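To start, the structure itself, in structure tokens.
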Amino acid sequence: MGVPDFFLLSLCFLLFLPLRGSAVPVPRWLLGEQTHGSGLGAKAAGSSVAFDPTRVTQLSWNPRAFIYKGFLSDDECDHLIKLARDKLEKSMVADNESGKSMLSEVRTSSGMFLLKAQDEVVANIEARIAAWTFLPEENGESIQVLRYEHGEKYEPHYDYFIDKANQEHGGHRVATVLMYLSNVERGGETVFPNSEAKMSQLKEDDWSDCAKQGYAVKPKKGDALLFFSLHPDTTTDDTSMHASCPVIEGEKWSATKWIHVRSFDTPLDSVTVGECRDENQNCASWAKVGECEKNPLYMVGSKDVYGSCRKSCGACSS
């Protein structure tokens, strides 16, 4: 199936998600019931892949955005925070020209990347994301857990890449699943300044000034926001620009899963075994800022995934 067809399939699936909580027929494998054969259905039989489409609400078509109420349980939220709390580093952004990661006042949170399928809880969440989005697990990056303290924010930006270097690995980011791990007393909303729905959303006094600049979503523990950065024909969607508003009161924890148009994992049979080289021109700069330790699955690899920056991380010898 070609890429455009795949996105049309995803769009068709989302077209039939209930907009007001009405029930719709759902394939048995999506509900986690026993199925036969291979693929997601077989995996669903023994894990928490099941999701409830009646909890999904369409927020906007430009951009395509959906909210899933109670996507994560309180225990899952607390577990992700516990995994990340002692490993947080200042968040970075990708330079639009070179694609290199750098510190910027545009993004002032702290974060870290989990390993894919790091434990059973993480694996189940990743499988549930794949079932909801109809996008393969291997197309996703590792989950990034973020903490925003008072005044911290992420200014308006796109999740698709401007630079060519980052597009070489998995292509553009087509979709983002943003999971809220905590409630926030005030502020911390996710806002879409260019959304077609921004003028129709009524906001009370407890919304921040930042949130009033577009269509906004309040962070609520356990909820997940899904939005697409590309149109179904794979062209970039300018209405997908979004921001994380400054936290005014409290603390905000979230977890992000970015999903690409192609596999983000590099299988062993796609490279020359024994060859010591980097798969991305930015590997050296990433290694210098500690990405070998912070994101080891992508940088160094495992027995199932060939790391993309083995040379710069010193994981092999020329």
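With mature numbering (1 follows the signal peptide of the UniProt record, and there is no 0) as the guide, the letters of the sequence shown map in order to residues -23 to -1, 1 to 295.
All C-beta atoms, glycine included, are put in the ideal place defined by N, C-alpha and C.
Keep in mind the model is a prediction, meaning the values are calculated, not measured.
Here's the rule I'm using: 16 or more other beta-carbon atoms within 10 Å means buried, otherwise exposed. How should GLU162 be labelled?
On the sequence shown, residue 162 is found 185 positions in, with the first residue counted as 1. That one is exposed.
The stretch 172 to 179 contacting the stretch 121 to 129, beta-carbon criterion three pairs below 8 Å:
These segments do not touch.
Where do the N-terminal and C-terminal ends of the beta strand (DSSP E) with LYS234 fall, by residue?
Counting from 1 along the sequence shown, the entry for residue 234 is found at position 257. Segment 229 to 237, the beta strand (DSSP E) holding LYS234.
Does the distance from the CB of PRO133 to the CB of TYR157 come in under 9 Å?
Looking up residue 133 in the sequence shown gives position 156. Looking up residue 157 in the sequence shown gives position 180. In this structure, PRO133 sits away from TYR157, with a CB-CB distance that is not shorter than 9 Å.
Straight-line Cα distance separating ASN160 from ILE225
Mapped onto the sequence shown, residue 225 falls at position 248. Mapped onto the sequence shown, residue 160 falls at position 183. Linking ILE225 to ASN160 through their CA atoms gives a straight-line distance of about 12 Å.
In angstroms with no decimal places, state the Cα-to-Cα distance between LEU(-9) and TRP38.
Translated into positions along the sequence shown, residue -9 becomes position 15. Translated into positions along the sequence shown, residue 38 becomes position 61. With a pLDDT of only 40 at LEU(-9), under 50, the local geometry of the prediction cannot be trusted, and the value read off the model is given with reservation. For LEU(-9) and TRP38, the distance between alpha carbons rounds to 10 Å.
Could you please give me the residues that DSSP links to SER289 through a beta bridge?
Counting from 1 along the sequence shown, the entry for residue 289 is found at position 312. Under DSSP, SER289 forms no beta bridge with any residue.
As assigned by DSSP and simplified to three states, the class of GLY105
Within the sequence shown, numbered from 1, the residue matching residue 105 stands at position 128. The sequence given here places Arg at residue 105; Gly does not occur at that position. Residue state, collapsed to three classes: helix.
The stretch 51 to 66 in contact with the stretch 196 to 211 per 3-pair CB rule at 8 Å
Segments in contact, yes.
Taking its Cβ as the centre, do 16 or more other Cβ atoms sit within 10 Å of MET276, making it buried, or is it exposed?
What you label residue 276 is simply residue 299 of the sequence shown in a count that begins at 1. Under this definition MET276 is a buried residue.
Using the C-alpha atoms, what's the distance from CYS269 back to CYS293?
Within the sequence shown, residue 293 is the residue found at index 316, counting from 1. Within the sequence shown, residue 269 is the residue found at index 292, counting from 1. A straight line joining the alpha-carbon of CYS293 with that of CYS269 spans about 13 Å.
Hey, out of ALA104, VAL33, ALA42, GLN35, whose CA is closest to ALA27's CA?
Here residue 27 is taken as the residue at index 50 of the sequence shown, counted from 1. Checked all of ALA104, VAL33, ALA42, GLN35; the closest Cα to ALA27 is ALA104.
By the 10 Å Cβ neighbour count, where 16 or more other Cβ atoms means buried, how is LYS59 classified, buried or exposed?
By 1-based counting over the sequence shown, the position of residue 59 is 82. With fewer than 16 Cβ atoms within 10 Å of its Cβ, LYS59 is classed as exposed.
Terminal residues of the alpha helix (DSSP H) in which TRP263 lies
The residue labelled residue 263 in the question sits at position 286 within the sequence shown. For TRP263, the enclosing alpha helix (DSSP H) begins and ends at 260 to 265.
Suppose you measure from the CA of MET218 to the CA of ALA42; what does that come to, to the nearest Å?
Here residue 218 corresponds to residue number 241 of the sequence shown, with the count starting at 1. Here residue 42 corresponds to residue number 65 of the sequence shown, with the count starting at 1. Computed Cα separation, rounded: 12 Å.
State the beta-bridge partners of GLN35 as determined by DSSP.
Indexing the sequence shown from 1 puts residue 35 at position 58. PHE43.
To which residues of the same chain is HIS149 closer than 8 Å at the C-beta, ignoring the five residues directly before and after it?
Residue numbering aside, residue 149 sits at position 172 when the sequence shown is read from its first letter. Around HIS149, the same chain offers TYR137, PHE138, SER206, LEU207, THR211, THR213, HIS237, VAL238 as residues with beta carbons nearer than 8 Å, after the five sequence neighbours per side are excluded.
Expected contact under 8 Å - CB spacing of VAL122 and ALA232 to nearest Å
Looking up residue 122 in the sequence shown gives position 145. Looking up residue 232 in the sequence shown gives position 255. About 5 Å separates the two Cβ atoms, so the contact holds.
Can you pull the DSSP bridge partners for THR212?
Residue mapping note: residue 212 aligns to position 235 of the sequence shown, counting from 1. The partner list for THR212 (beta bridge, DSSP) is empty, contrary to what the question assumes.
Please state the DSSP three-state secondary structure of PRO133.
Sequence index remark: in the sequence shown, residue 133 carries index 156 (1-based). PRO133: strand per DSSP, three-state reduction.
Look at the alpha carbon of GLY191 and the alpha carbon of ASP255, and state the distance between them as a whole number of angstroms.
One-based indexing of the sequence shown puts residue 191 at position 214. One-based indexing of the sequence shown puts residue 255 at position 278. In a straight line, the C-alpha of GLY191 is about 41 Å away from that of ASP255.
Considering just the uninterrupted stretch of the alpha helix (DSSP H) at GLU270, what are its terminal residues?
The count along the sequence shown starts at 1 and reaches residue 270 at position 293. Bounds of the alpha helix (DSSP H) holding GLU270 are 268 to 271.
Can you list, in chain order, the residues of its chain with a C-beta nearer than 8 Å to that of CYS253? Leave out the 5 residues immediately preceding and following it.
In the sequence shown, residue 253 corresponds to position 276, counting from 1. Residues ARG287, LYS288, CYS293, SER294, SER295 of the same chain have their beta carbon placed closer than 8 Å to that of CYS253, with the five preceding and five following residues left out of the count.
Can you tell me whether LEU65 is helix, strand or coil according to DSSP?
Here the question's residue 65 lines up with position 88 in the sequence shown. When secondary structure is reduced to three states using DSSP, LEU65 falls in the coil class, being assigned neither helix nor strand.
Local conformation of LEU60 per DSSP, three classes:
Locating residue 60 in the sequence shown gives position 83, where the first residue counts as 1. In the structure shown, LEU60 sits in a helix (DSSP, three-state: H, G or I).
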